[in-house]
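Numbering (the working numbering), first residue to last: 711 to 914. Just so it is clear, CB atoms sit at the ideal spot from N, CA and C, and this is done for glycine as well. Nothing here was measured: the structure is a model prediction, and the numbers come from that model. Working notes for the structure below.
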Amino acid sequence: MNQIMVNIKSRRSRRDFLDRTIPDEIIKEIIEIGCYAPSALNKQPWKFIVITNKDCIKRLSAIVKGIATNITKFLPILKLFKPALGDPQAVSAIKKTISSDTDTVFYNAPLLILIVSDKKEPYAGKDCALASQNMMLYANSIGISTCYIGRADFLGMSRVAKDIIGLPPDHTIQSAIVFGYAPQSTDGSIIPKRRIDNIINWIR
């Protein structure tokens with residue numbers, strides 16, 4: 711099997727990490743490979759906020775949990791304005807975030823990278839998602855596990871969080887990824903089934 715395909719198929723989202731730091735040089739490599747993603751008009755709109763301070767990551771996790779708690783209180787009203795919040799899986803994910811005293815947001819990872827961009831860039835969300843995939847695949851190829859954290863979007867709702875990470879007022883968080891060395895697992899050797907039938911409309 712082609713090695714790129716092997717890498718893609720072996721990547722997993724991991725939520726348990728060893729207490730082991732990732733060397734700065736490797737972090738720089740991860741960011742560099744992210745910058746090689748395609749971007750609309752080659753604008754490369756991404757900026758990277760790299761957080762290795764564990765206390766900082768814990769503070770951000772607590773902020774996300776606090777916002778998630780408030781969202782669950784007002785779900786009946788909020789889902790009228792944002793229907794996605796009425797999805798049972800979304801509700802379950804939000805409730806899971808606040809269900810434990812442990813870090814159910816960033817999973818005690820030693821590295822959190824936020825990819826941010828100027829709000830005025832219309833394609834930045836797609837561009838930053840492409841950069842995220844590059845970063846996660848490269849990390850997987852060198853034995854570092856990752857997890858894409860959707861709930862980190864909540865940080866954009868907190869002035870305190872934005873001050874902590876130094877987010878400029880005209881920027882928004884597009885992606886959040888945690889990185890770390892995970893305990894040994896055989897997950898990567900088991901290729902999960904993916905739905906292929908009924909998802910292709912092939913126009914010849």
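Grab me the residues of residue i's own chain with a C-beta within less than 6 Å of its C-beta, minus the 5 sequence neighbours each way, in chain order.
| i | result |
| --- | --- |
| L821 | I732, T762, F889 |
| Y833 | A750 |
| S868 | I773 |
For residue i, does the count of other Cβ atoms within 10 angstroms reach 16, so buried, or fall short, so exposed?
| i | result |
| --- | --- |
| D813 | buried |
| D837 | buried |
| R904 | exposed |
| V716 | exposed |
| F864 | buried |
| Q884 | buried |
| C857 | buried |
| A912 | Ala is not the amino acid found at residue 912; the sequence shown has Trp there. Its Cβ having fewer than 16 others within 10 Å, W912 is exposed. |
| E831 | buried |
| S855 | buried |
| L790 | exposed |
| S771 | buried |
Would you mind reading off the limits of the alpha helix (DSSP H) that contains residue i?
| i | result |
| --- | --- |
| Q884 | It is not in any alpha helix (DSSP H) - Q884 instead sits in the beta strand (DSSP E) that spans 881-890. |
| I781 | 764-783 |
| T705 | The shown model of the chain, from 711 to 914, leaves out residue 705, and the question about it has no answer. |
| V870 | 869-875 |
| Y848 | 834-851 |
| S720 | 713-720 |
For the beta strand (DSSP E) holding residue i, just list the boundary residues, first then last.
| i | result |
| --- | --- |
| L824 | 821-828 |
| Y858 | 855-858 |
| I732 | Counting along the chain, I732 falls outside any beta strand (DSSP E), and DSSP gives it neither H nor E. |
| V815 | Neither: V815 is in no beta strand (DSSP E) and is coded neither H nor E. |
| K757 | 757-761 |
Quick one: residues in its chain with C-beta nearer than 7 Å to the C-beta of residue i, no 5 flanking neighbours on either side, listed in chain order?
| i | result |
| --- | --- |
| N818 | F727 |
| K805 | T782 |
| L847 | N717, I718, R721 |
| S827 | P755, W756, K757, A834, C838, H881, T882, Q884 |
| V760 | I737, I823 |
| N844 | I743, G744, Y746, A747 |
Looking only at its chain, what residues have a beta carbon closer than 8 Å to the beta carbon of residue i, apart from the 5 residues adjacent to it on each side?
| i | result |
| --- | --- |
| T807 | V774, K775, A778, T814, V815, R861 |
| S851 | N717 |
| G866 | K872, L877, T882, I883 |
| P893 | D726, L728 |
| A918 | Here the chain covers residues 711 to 914 and nothing more, so residue 918 does not appear. |
Does the ligand COA have even one heavy atom less than 6 Å from the beta-carbon of residue i?
| i | result |
| --- | --- |
| G853 | For the ligand COA, the structure offers nothing, since it holds no ligand at all. |
Checking contacts by CB at 7 Å: is residue i closer than that to chain B?
| i | result |
| --- | --- |
| S810 | Looking for chain B here will not work: only one protein chain is present. |
Under 8 Å: do the region 745-757 and the region 827-847 share three or more Cβ pairs, one atom per stretch? Segments in contact, yes.
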